[in-house]
Structures are given as structure tokens and as C-alpha cells.
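K.L.:
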Amino acid sequence: MTGTSAERIAELHLAGMRSIEEVSLVLDGLTVLIGPNGSGKSTILEAFELLRLLGKDQLDPELDKSHGGLSSLRRRGSRSMSLSVRVEGSGRPLLYDLELGGGYGVEVVSEGLRRQSQSGWDPLLVRTGPSTAEYRRGGGEKNVEPIRNLTPQRLALHAFGFNEQPLDVARVVTALTKLEVHVPFDVHPAWTQKGPNSTALRRSNVLRPTRKLERFGENLANAWHALKNDFSEEHWRETMRAVRAGLGPEINSVATQADPGGGQIAIKLRYQDGSEDPAFTLSDGTLAYLAFVALSRLAELPEGRTSLLAFDEPELHLHPELLVRVVGFFEEMARTQPVVLATHSDRLLDVLSNPADSVVLCELDEERRTVLSRPNRARLEEWLERFRGVGALRAEGLEAALFEPEEDAGTDEAT
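Whatever position you read off the sequence shown (first residue = 1), add 3 for the working numbering.
1. Under 7 Å Cβ to Cβ from L179, same chain only, skipping five residues before and after it: list those, please.
2. Does the Cβ of S8 have 16 or more other Cβ atoms within 10 Å, making it buried, or fewer, making it exposed?
3. Residues in its own chain within less than 7 Å of G72 by CB, not counting five upstream and five downstream?
4. Where does F390 sit, in a helix, a strand or coil, going by DSSP?
5. Please list, in chain order, all residues of the same chain as T346 whose beta carbon is under 8 Å from its beta carbon, the five residues on each side excluded.
6. Which class does L159 belong to by DSSP, given the choice of helix, strand or coil?
7. State the beta-bridge partners of T259 as determined by DSSP.
8. Going by C-alpha to C-alpha distance, which of S27, V354, L301 and M336 sits closest to W227?
9. What is the DSSP secondary structure of D171, reduced to helix, strand or coil?
10. Please list, in chain order, all residues of the same chain as K181 whose beta carbon is under 6 Å from its beta carbon, the five residues on each side excluded.
11. So, is P469 buried or exposed, given that buried needs 16 or more other C-beta atoms within 10 angstroms?
12. For a minimum of 4 consecutive residues, which ranges assigned as the alpha helix (DSSP H) are wholly contained in the stretch 307-363?
13. In the DSSP assignment, what are the bridge partners of R130?
14. Which of the three DSSP states, helix, strand or coil, is assigned to F188?
15. Once you ignore the five residues that flank D60 on each side, which residues in its own chain have a CB closer than 6 Å to its CB?
16. Under the three-state reduction of DSSP, which class applies to N222: helix, strand or coil?
17. Given this structure, state the Cα-to-Cα distance separating V354 from T202, to the nearest angstrom.
18. Can you give, in chain order, each stretch of the beta strand (DSSP E) that sits fully within the stretch 12-91 and has at least 3 residues?
19. Mapping the DSSP letters down to three states, classify Y384 as helix, strand or coil.
20. Can you tell me the Cα-Cα spacing of D63 and R338, whole angstroms?
21. Based on the DSSP secondary-structure assignment, which residues constitute the bridge partners of Q119?
22. Under a Cβ-count criterion, where at least 16 other Cβ atoms within 10 Å of its own Cβ denotes burial, should L97 be classed as buried or exposed?
23. Please state whether DSSP places P252 in a helix, a strand or coil.
24. Apply the 10 Å Cβ neighbour rule to A245 and answer buried if 16 or more other Cβ atoms are within range, or exposed otherwise.
25. Rounded C-beta distance between T373 and I23? I'm assuming under 8 Å.
26. In whole angstroms, what separates the C-alpha of G400 from that of F390?
27. Classify T289 as helix, strand or coil using the three-state DSSP reduction.
28. According to DSSP, is G141 part of a helix, a strand, or is it coil?
29. Return no unless some Cβ of chain B is closer than 7 Å to the Cβ of L312.
30. Pick out whichever of A313, R11, G115 and L387 has its Cα sitting closest to the Cα of L103.
31. If you drop the 5 nearest sequence neighbours on each side, which residues of the same chain put their C-beta closer than 7 Å to that of P155?
32. Quick one: measure Cβ to Cβ for L344 and Y292, integer angstroms, because I've assumed they're closer than 8 Å.
33. Can you determine whether any heavy atom of the ligand COA sits closer than 6 Å to the C-beta of E236, and answer yes or no?
34. Please classify L204: does DSSP put it in a helix, a strand, or coil?
35. Please report the distance separating the alpha-carbon of H238 from that of D368.
36. Since F163 and V172 should fall inside the 8 Å C-beta cutoff, what is the C-beta to C-beta distance between them, to a whole number of angstroms?
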């Protein structure tokens, strides 16, 4: 990746979560997770969402509400669940480790923050007991400060006063907070819904400033209003070039209009002949493509960058030609921030610029543990002379011969 000094998630380590006994995933540029249903792809994305909640100090209430509680997340037979991240960016690399356990509730079993030095990893934040911790300024045994106001359910990461938070702790909190996890955009028209309300991307938004597209595309109208009015004319021209490249040269603009009742705006497509289509009349694929354009154009701006952007099944609703362009958006975003996709689409795999470095296969072993594999680079290079891409190789039944466990994937002579 190039061109950013923002904090980013450079590596994820998981243990004891659902099908995952223990895995590590280096996150540099674009990572594309593939594999059968139930093989761990969604678990990895859910782990990113849990980390995002850690940054907002919302893990305890949200764990039961949205994730089924620790008993649902924890791998069968495991007494605890661990999440660790390596953070890189504006200073020396940091490692944040968290282990969660408990019976009916969730409790912090262990927690630590380390900073890389010439001699290894120096401890900065150390959980010394269920309700005790200490911060070591400078990473040594001197200048040890006890951390008060802790409970077994509270992270030491959030036990500092707002103005007292050490820089390295603030870097980790920023990285966790700026994680974004997206699921397929909510584009279905009202007639396909059980209730009378239209879905997120077709609804009007209360006019508010924004620098990112929210999950489900809830604030799509606000995102397009920001793209049109808050940035340079050149940025807007590039945005419209992306729209026309996917939807055709007859598009004049993506406009926002005020609702008659006031206070809300909605988007509409304006054509070169002067006609217009409001959001509620657009096809699912057209609306999804407009959401992807907004997502990528905001994420490319310094104020819109994430520490990591994850998206589950981005291929949904998209014509194959539009999917090619959306993959291009993700590859461009991955130049400045880690991007993780989970997909079942062979078409998406076939258009990747660098599949050897991007694709990670998730599989279950005989004990139903998730195993991560990457393509054998030499074998892939030879086969790409005859096949369109990894998707075509998978369709021909060559997946097992192409992938091997991460520690073994290398430059073996092609077979």
C-alpha cells in the first residue's frame, strides 16, 4: 500500500471463535476470502466487527444483542476467545491482544498492548488481574502507572481519562474505531418487502454532513450530497466519470432533491435529455453501483479513509460488467487502506489484478477447524496462461491443487 500515514490494521490473529481454533491473517492491500459455506469467511468478518465495537467501548452490550453472546461466538470446547491485531501507521508497530471468557457474561481474561522496538516487543499496557492493570510509559519497568476504575467487563484500553490517553493507546483506539464492515447493500424495492417501507438506499435521508457511506447504504443521499458539494470540482468530475463508465454516457448527473416536507433529501439520476429517475424507480443493480461509487470515492479521500474496510459478498445485485468495475474500485481503495472481501463469485476472482497475493481459501479440516491457504504462485502463473483466472480454475476443479497452507505457499515448481 502507498500514500497514507493513517493507522491501519496490518494483521489479525483469532483463536477460539466458532470454526476458528487459531488463525493469523496478514492484511496488506486487497484480501479476498473464498471457500465453502461455513468455512470461516463470515467469522473473520464478524471478528472485524467485534474489534470495531472494542474501539467504541461497546463490546459488552452489543455482544449479547447482536452476536448471540460469548457462548455463541466461542468455539465448542474452548474456554475463551482471543482477538489480536497489529496496528501500523503514524508510529512504531503496535500489538493489541485481548482474551475474553466468562460464564453467563463476558469478562476480560487478559489484555495487553506492546510496541515494537529493536529488541522485540515492549509491553506498554498490561492487564495484571480481573480489575487491575498498569501502563508502562516508555515500555520499560520504570514509570509504571496503575490503571484504576476497572471492572472485569471493562477494557483497560478505555480506562484513561479523555485528556490522559497515551499516544499509543489512542492509536489503537483510532484504528479499531475506524474499522468498517459492510454487508450487501439494502436495495430491494418496497413491493418485495413484508412491510410498507422502502429499503435503505431508496429512502430519503435527513440532511446531515458525512464523510463515509454507512452500512447498508443507509445514508446514500447524504453521501452523494457530500460528493457533489463538499469537495473539489475535479473530484466530482472523476466521480461522474466512474458513474458513466458503469451506467452509460447518457447519465448527466447524480442529483439530490429536497423532499416536499422539508429537512430530507433523496437522490435521482438525471439524463442528458433532461429526464430524471428517482431512487425508488432504479433497478437493484443501478442503485447498488451508485452505492459502490459513493463508498469508494469517499474512502479515497484522506478524511474518509478507514483502518480496514471489509465487505461481504459485494457481487450481489451486480451485472458481471458492473462487478468488474466494482472490483477495480476495491483495488484502488486497497492502495491506501487494507480491504477484505468475502465472495462466492468466480467472476470476481477472474478479474483480480494480483490473485496470488489477494486470494485466501478458507476450508475446514477433519476436526472442523478453519484452515487458511494461499495459491502456489508458480503453479498459478503457469495455469493463468491457459485459464482466465482463479474463478475459472475453481470451476475446473483445480482448487485443491492450486492452494496450500499459508506457511507452505511459495514458488514450488509448477506441476
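Just so it is clear, CB atoms sit at the ideal spot from N, CA and C, and this is done for glycine as well.
P.N.:
In short:
1. L54, R55, L57 and G58
2. Residue confidence is low: S8 scores 48 on pLDDT, short of 50, so the model does not pin down where it sits. Its coordinate-derived value is still stated next. Answer is exposed; the Cβ neighbour count stays below 16.
3. Apart from sequence neighbours up to five positions away, the residues of its chain that approach G72 with a beta-carbon distance below 7 Å are L66, ordered along the chain.
4. coil
5. V35, L36, I37, E316, P317, E318 and L352
6. Before going on, a small fix: residue 159 reads as Ala here, not Leu. Taken through DSSP and simplified to helix, strand or coil, A159 comes out as helix.
7. I270
8. L301
9. helix
10. These residues qualify, in order along the chain: T309 and S310.
11. The question about residue 469 has no answer, for the chain in this structure spans 4 to 418.
12. The DSSP assignment places 323-336, 349-353 and 358-361 as complete runs of the alpha helix (DSSP H) inside the stretch 307-363, in order along the chain (cut-off: 4 residues).
13. A136
14. If DSSP states are grouped into helix, strand and coil, F188 belongs with coil.
15. H161
16. coil
17. 30 Å
18. Correct list: 23-29, 33-37 and 84-91.
19. Reading off the sequence shown, one finds Glu at residue 384, where the question assumed Tyr. Collapsing the DSSP output to three states places E384 in a helix.
20. Rounded to the nearest angstrom, the two C-alpha atoms are 34 Å apart.
21. W124
22. buried
23. coil
24. buried
25. 5 Å
26. Computed Cα separation, rounded: 12 Å.
27. helix
28. helix
29. Absent here is chain B; the protein component of the structure consists of one chain.
30. G115
31. E110, V111, P133 and S134
32. Contact flag wrong, Cβ pair sits at about 16 Å.
33. This structure lacks the ligand COA; in fact it carries no ligand of any kind.
34. helix
35. If I take the Cα positions, the gap works out to 48 Å.
36. 6 Å
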